[in-house]
DNA sequence: TTCTTTATGGTCACTCTGACTATAAAGAAG
DNA sequence: CTTCTTTATAGTCAGAGTGACCATAAAGAA
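Protein chains in written order, with full-length UniProt numbering: chain A, 1 to 247; chain B, 1 to 247.
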C-alpha cells in the first residue's frame with residue numbers, strides 16, 4: 001500500500017472481498033490426496049472446490065486459513081496448530097469470481113493421513129480426492145491446486161517437511177513413500193536412506209529397539225521428525241527439470 | 001474463496017482495501033539498492049516506504065505492480081515489461097495500516113542499474129537506498145523488505161535470474177558481483193566462471209570477440225542472458241545455512 | 001620495463017550421488 | 001520346517017560436481 005492516492009477517502013477505492021483458499025494435502029495409500037468440498041450453490045453449483053472462506057475483519061489471512069483448516073478437517077484448533085501451513089500466493093484476476101471482486105490468498109497445508117473429514121458447517125461435503133484425478137474444479141482452483149502441487153514438490157527438495165505427511169513415528173520407508181508419491185518417481189531405497197540419515201536433524205531414531213510390524217518383510221526402525229527445517233545440500237529430484245511448470 | 005457464507009450478501013463481508021507493495025532491487029556499485037519513496041502524509045509522514053498503491057477495480061495485482069513499477073521508475077510500460085517481477089507473499093495483519101483494513105500483495109522486482117528515478121506522480125521523492133541501511137520504514141515494510149531480500153537470495157541459488165540485474169551485455173565478473181552483492185559473500189572467480197559456463201542456457205557468449213574496456217586488467221568477454229530459467233544443479237551459497245531467516 | 005589488476009585456463013582432492021550387490025529378518029507357500 | 005518372497009539395512013564403486021588452489025594472458029599504472 002504505502003503511497004495511497006492523495007486524500008485517502010475510504011470511498012476512493014473499490015471494496016474487495018478477501019478470502020483464503022486451502023490446498024490440504026495428505027498421502028494416503030501411496031497417492032497424493034487433496035481435500036475438496038462440494039459447492040452447494042451457484043456459481044459452480046455441484047462442482048468441487050478447495051475449501052476456504054472469507055478473512056474476518058479482525059484476523060490475518062493465516063489465522064483465517066488455520067480456522068478454515070480446523071473447520072474442514074473437523075479437528076480442534078489446537079491439533080491443527082501442528083500442521084504445516086504455508087502461504088502459496090495470491091490470486092487476483094478480476095474475473096476469477098463472477099459475482100464480485102474477490103482476491104484470494106492461497107495456502108498449502110500438509111497433514112498426516114487423517115480419518116475421513118467430519119466437517120462441521122461448510123464442510124458438509126468435504127472429501128479426500130486423488131490429487132491427480134480431480135475433475136475440473138470451481139473458479140480458478142485447478143490452477144491453484146496445480147501451483148500447490150508444484151510448490152510442495154519443490155519444497156521437498158530443500159526442506160525437511162516431508163515428515164509433515166507422516167505420523168509422529170514413522171519408518172524411513174514411509175518417508176520415502178512421501179517423496180515418491182509427491183514427485184511421482186521411484187527412488188533407490190539405500191540411497192534415500194543414506195541421504196536422510198546423514199542429514200543432521202532430518203529425523204531422529206526412536207531410542208529403544210522398537211520396530212514396526214504389519215507389513216511383510218523385516219521390521220523397520222522407527223524415527224521421529226528432527227529439528228532441522230532446511231535440507232543441505234538439497235535432495236534433488238531425478239530427471240533434469242526442476243518443477244513441472246515454470247510459473 | 002469458494003465456500004462463501006450462505007446467501008452471499010455483498011454486505012456480509014467487511015470491505016478490504018487491496019494494495020501492492022514493490023521491493024524494486026538493483027545492484028549499484030557492488031551494493032544492493034532498493035527503491036524507496038518518502039511519504040508526504042500521515043501516517044508515517046516523512047518516513048520512507050516501499051512504492052506501491054491500490055489495485056484498481058479491473059486489474060490484477062500483477063498488473064497493478066507493473067503499473068506502479070513503471071510509474072516509480074519513470075520508464076515506459078513497455079520497457080518495464082522486460083523486468084523480472086515476482087510475487088513474494090501477501091501481508092494481511094489486521095493492524096498493519098492504522099487507517100483501515102489493508103491487505104497488500106508484495107512483489108519483488110529485479111532491474112538493471114537505472115538512471116535516477118524520475119518519478120511521475122506519486123514518486124516525487126523516489127530514491128535508491130542501500131538495502132542494508134534503510135532506516136525504519138513505514139508500516140510493515142521493514143519486514144517485507146527483509147523477506148524480499150531473503151527471497152531473491154534464495155532465487156539466485158536455483159534460477160538464472162541474476163542476469164536480471166545486469167544490462168543486456170555483461171561480463172562474468174559483473175554477473176559474479178551480483179551474486180556476491182546479494183549474498184554478501186565472496187566467490188572464487190574461476191569456480192564461478194566454470195559453474196556459469198557449464199550450465200546450458202545460463203549465458204550465451206556474444207558472437208564476435210568484442211570485449212569490455214573501462215577497468216584496469218584484461219578485458220573480459222561479453223555475454224547475454226541465456227534462455228534457461230532454472231539452474232540445475234543449483235549454485236548453493238557457501239556457509240551452511242539456506243536462508244538468512246527461516247520464515 | 002616492471003608492477004598491479006583482472007580475466008581466463010587448468011589441476012587436484014574431496015564430497016555427494018546414482019547404480020548396484022549383499023545380508024538380515026520377517027511372513028507366506030510348499 | 002524348508003524355501004520363497006518381501007522389506008530393511010549395510011556396503012561398494014565409479015562419475016559428477018565443487019572448493020581450493022596455481023598458472024598464464026592482457027590490459028593500465030608506475
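Beta carbons: idealized from backbone N, C-alpha and C, even for Gly.
message: Per DSSP, what are the beta-bridge partners of residue 33 of chain B in this structure?
response: Taking the first residue of the second chain as position 1, residue 33 of chain B is located at position 33. DSSP, once it has assigned bridges, lists B/26 and B/130 as partnering residue 33 of chain B.
task: Provide the residue span of the alpha helix (DSSP H) that contains residue 64 of chain A, from first to last.
output: Position 64 of the first chain holds residue 64 of chain A. That run of the alpha helix (DSSP H) goes 61-73.
- prompt: By the criterion of Cβ-Cβ separation under 7 Å, what are the contact partners of residue 207 of chain B in chain A?
  reply: Here residue 207 of chain B refers to the residue found at position 207 when the second chain is read from its first residue. The contacting residues do not exist; residue 207 of chain B stays about 27 Å from chain A at best.
message: Taking only three categories from DSSP, how would you classify residue 106 of chain A?
response: Working through the first chain from its first residue, we reach residue 106 of chain A at position 106. Residue 106 of chain A: strand per DSSP, three-state reduction.
Residue of B/61, B/116 and B/95 minimising C-alpha distance to residue 103 of chain A: As a first step, residue 103 of chain A is located in the first chain; it is residue number 103 there, counting from the start. Checked all of B/61, B/116 and B/95; the closest Cα to residue 103 of chain A is B/61.
- request: With DSSP collapsed to three states, give me the class of residue 213 of chain A.
  value: Within the first chain, residue 213 of chain A is the residue found at index 213, counting from 1. Shown here, residue 213 of chain A sits in coil according to DSSP, grouped into three states, outside any helix or strand.
- prompt: In whole angstroms, what is the alpha-carbon distance linking residue 100 of chain B and residue 55 of chain B?
  reply: Locating residue 100 of chain B in the second chain gives position 100, counting from the first residue. Locating residue 55 of chain B in the second chain gives position 55, counting from the first residue. Looking at the two C-alpha atoms, the distance is approximately 15 Å.
- prompt: Taking Cβ positions only, does residue 59 of chain A come closer than 8 Å to chain B?
  reply: Counting from one through the first chain, the residue named residue 59 of chain A turns up at place 59. Chain B, which has a Cβ nearer than 8 Å to the Cβ of residue 59 of chain A, makes this yes.
task: Can you tell me which of the three DSSP states residue 143 of chain B falls into?
output: Position 143 of the second chain, counting from 1, holds the residue named residue 143 of chain B. Note: residue 143 of chain B maps to helix in three-state DSSP.
- prompt: Should residue 79 of chain A go down as buried or exposed, given a rule of 16 or more other Cβ atoms within 10 Å for buried?
  reply: Taking the first chain and counting its residues from 1, one reaches residue 79 of chain A at position 79. Classification of residue 79 of chain A: exposed, given that the 10 Å Cβ count is below 16.
query: Are any of the Cβ atoms in chain B nearer than 8 Å to that of residue 16 of chain A?
result: Start at 1 with the first residue of the first chain, and residue 16 of chain A comes out as number 16. It does; some Cβ of chain B falls within 8 Å.
field: Unbroken beta strand (DSSP E) run spanning residue 86 of chain B, endpoints
entry: As a first step, residue 86 of chain B must be located in the second chain, where it is residue number 86. That run of the beta strand (DSSP E) goes 84-91.
- prompt: Under 8 Å between C-beta atoms, does residue 147 of chain A make it to chain B?
  reply: Against the first chain, residue 147 of chain A aligns to sequence position 147. False, the Cβ-Cβ gap to chain B never drops below 8 Å.
message: With a threshold of 8 Å between beta carbons, is residue 90 of chain A in contact with chain B?
response: Against the first chain, residue 90 of chain A aligns to sequence position 90. It does: the Cβ of residue 90 of chain A has a partner Cβ on chain B nearer than 8 Å.
query: Among residues of its own chain, excluding the 5 on either side of residue 229 of chain B, which ones have a beta-carbon nearer than 8 Å to its beta-carbon?
result: Counting from 1 along the second chain, the entry for residue 229 of chain B is found at position 229. Once the five neighbours on either side are set aside, the close Cβ partners of residue 229 of chain B are 159, 160 and 161.
Identity of the residue in B/186, B/43, B/36 and B/91 nearest residue 24 of chain B by Cα: Position 24 of the second chain, counting from 1, holds the residue named residue 24 of chain B. Nearest of B/186, B/43, B/36 and B/91 to residue 24 of chain B, Cα basis: B/36.
field: Every unbroken alpha helix (DSSP H) inside the segment 175-225 of chain A [4 residues or more]
entry: 189-198
query: How is residue 21 of chain B classed by DSSP in three states: helix, strand or coil?
result: Sequence index remark: in the second chain, residue 21 of chain B carries index 21 (1-based). Looking at residue 21 of chain B - three-state DSSP - the assignment turns out to be strand.
query: Tell me which same chain residues have a C-beta within less than 8 Å of the C-beta of residue 186 of chain B, skipping the five on either side of it?
result: The residue given as residue 186 of chain B occupies position 186 in the second chain. The residues are 180.
- prompt: By DSSP, does residue 148 of chain B sit in helix, in strand, or in coil?
  reply: Working through the second chain from its first residue, we reach residue 148 of chain B at position 148. Helix, per DSSP.
field: Where residue 93 of chain B meets chain A, residues with beta-carbon distance less than 7 Å
entry: Position 93 of the second chain, counted from the start, is the residue given in the question as residue 93 of chain B. Correct list: 60.
task: Anything in the segment 67-91 of chain B with a Cβ closer than 8 Å to a Cβ of chain A? List those residues in chain order, please.
output: 87, 89 and 90
message: Just checking: is the beta-carbon of residue 101 of chain A within a distance shorter than 8 Å of some beta-carbon in chain B?
response: Numbered from 1 along the first chain, position 101 holds the residue referred to as residue 101 of chain A. Interface residue, yes.
field: Chain-ordered chain B contacts of residue 200 of chain A [CB-CB under 7 Å]
entry: The residue labelled residue 200 of chain A in the question sits at position 200 within the first chain. Correct list: empty, because the minimum Cβ distance to chain B is about 10 Å.
- prompt: Is the beta carbon of residue 145 of chain A sitting closer than 8 Å to the one on residue 22 of chain A?
  reply: Within the first chain, residue 145 of chain A is the residue found at index 145, counting from 1. Within the first chain, residue 22 of chain A is the residue found at index 22, counting from 1. Going by C-beta atoms, residue 145 of chain A is not nearer than 8 Å to residue 22 of chain A.
- prompt: Using the C-alpha atoms, what's the distance from residue 84 of chain A back to residue 109 of chain A?
  reply: As a first step, residue 109 of chain A must be located in the first chain, where it is residue number 109. As a first step, residue 84 of chain A must be located in the first chain, where it is residue number 84. Between residue 109 of chain A and residue 84 of chain A, the C-alpha separation is close to 6 Å.
- prompt: With which residues is residue 230 of chain A paired in a DSSP beta bridge?
  reply: Counting from one through the first chain, the residue named residue 230 of chain A turns up at place 230. Answer is A/159, bridged to residue 230 of chain A.
task: May I ask you to report which of helix, strand or coil DSSP gives residue 153 of chain A?
output: The sequence position of residue 153 of chain A within the first chain is 153, counting from 1. Residue state, collapsed to three classes: helix.
message: Using only CA atoms, which one of A/194, A/223, A/209 and A/132 lies nearest to residue 174 of chain A?
response: For the purposes of this step, residue 174 of chain A is identified with residue 174 of the first chain, where counting begins at 1. From the listed residues A/194, A/223, A/209 and A/132, the smallest Cα separation to residue 174 of chain A is found for A/223.
task: For residue 234 of chain B, collect the residues of the same chain with a Cβ closer than 6 Å to its Cβ; drop the 5 residues on either side in sequence, then sort them by chain order.
output: Counted from its first residue, the second chain places residue 234 of chain B at position 234. If we look at residue 234 of chain B and ignore the five residues flanking it on each side, its Cβ neighbours are 157 and 158.
- request: Anything in the segment 127-147 of chain A with a Cβ closer than 8 Å to a Cβ of chain B? List those residues in chain order, please.
  value: 138, 139 and 141
query: Using the beta-carbon of each residue, which ones in chain A are nearer than 9 Å to residue 105 of chain B?
result: Translated into positions along the second chain, residue 105 of chain B becomes position 105. Near residue 105 of chain B (Cβ distances below 9 Å), the residues of chain A are 89, 90, 92, 103 and 105.
- request: Using a threshold of 8 Å, state whether the C-beta atoms of residue 91 of chain B and residue 140 of chain B are closer than that.
  value: Position 91 of the second chain, counted from the first residue, corresponds to residue 91 of chain B. Position 140 of the second chain, counted from the first residue, corresponds to residue 140 of chain B. Yes, these two residues count as a Cβ contact at 8 Å.
- request: Starting from the beta carbon of residue 236 of chain A, find every residue of chain B whose beta carbon is closer than 7 Å, and list them in chain order.
  value: If you number the first chain from 1, residue 236 of chain A lands on position 236. Those within 7 Å of residue 236 of chain A in chain B are 233.
- prompt: Can you find a CB in chain B that lies within less than 8 Å of the CB of residue 55 of chain A?
  reply: Reading the first chain from its first residue, position 55 is the one you call residue 55 of chain A. Closer than 8 Å to some Cβ of chain B, the Cβ of residue 55 of chain A qualifies, so yes.
- prompt: Is residue 173 of chain B helix, strand or coil when you go by DSSP?
  reply: Taking the second chain and counting its residues from 1, the one referred to as residue 173 of chain B is at position 173. Reduced to three states, the DSSP call for residue 173 of chain B is helix.
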